[in-house]
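See structure below.
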């Protein structure tokens, strides 16, 4: 899992935030000495969110084995699947969906995992096309983004 933590620390969004880096470092040390757990860090993201984001399959499977909630919500109500989709983390997306993650879970901004992939997906992520195809094959929609737009037009958002 050392390589997976290294990958998480190299993700630009994480590397630019000293609080996230401190969380990842402390969690990495804790996992090595005390075993796997699912602590919550900055922005109320737990380790399962980061594992999904970084396509860290070994870490993700171990977290699921200890009962980490598959649809855990961060401060913006985003799920691990939402983060996996945004980063084109195909293997993590597949693991999450196969283990019952809600493919159309709405977050606090009425976004779905597919809408995050479409609108915020990182162009350098080679896994975006295959992740998108997999999500669509499993019933993912962008209904959240459309709903937010309608609510905004009605002045309800």
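Residue numbers (the numbering used here): 5 to 161. The C-beta atom is built at its ideal place from N, Cα and C for all residues, glycine as well.
Check: Beta-carbon separation (whole angstroms), residue 28 vs residue 54, contact threshold 8 Å; Outcome: 7 Å
Check: Contact check, residue 132 vs residue 118, beta carbons under 8 Å; Outcome: no
Check: Pairwise C-alpha distance: residue 122 and residue 36; Outcome: 36 Å
Check: Of the residues 10, 97, 101 and 91, the one placed nearest residue 130, counting alpha carbons only; Outcome: 91
Check: Closest Cα partner of residue 141 within the set 108, 157, 84 and 124; Outcome: 108
Check: Three-way DSSP call (helix, strand, coil) for residue 93 in this model; Outcome: coil
Check: Three CB pairs or more closer than 8 Å across the region 5–19 and the region 69–78; Outcome: no
Check: CA nearest to the CA of residue 66, picked from 99, 116 and 152; Outcome: 99
Check: Cutoff 8 Å: residue 87 Cβ touching any chain C Cβ; Outcome: Of the protein chains in this structure there is only one, and it is not chain C.
Check: Under 8 Å between C-beta atoms of residue 47 and residue 78; Outcome: yes
Check: Reference residue 146, options 115, 157 and 50, closest by Cα; Outcome: 115
Check: For residue 61 and residue 94, believed in contact at Cβ under 8 Å, the rounded distance; Outcome: Between residue 61 and residue 94 the Cβ distance is about 10 Å, and since that is not below 8 Å, they are no contact.
Check: Which of helix, strand or coil DSSP assigns to residue 49; Outcome: coil
Check: Residue 57 beta carbon less than 8 Å from that of residue 15; Outcome: yes
Check: Reference residue 156; option with closest CA among 9, 113 and 30; Outcome: 113
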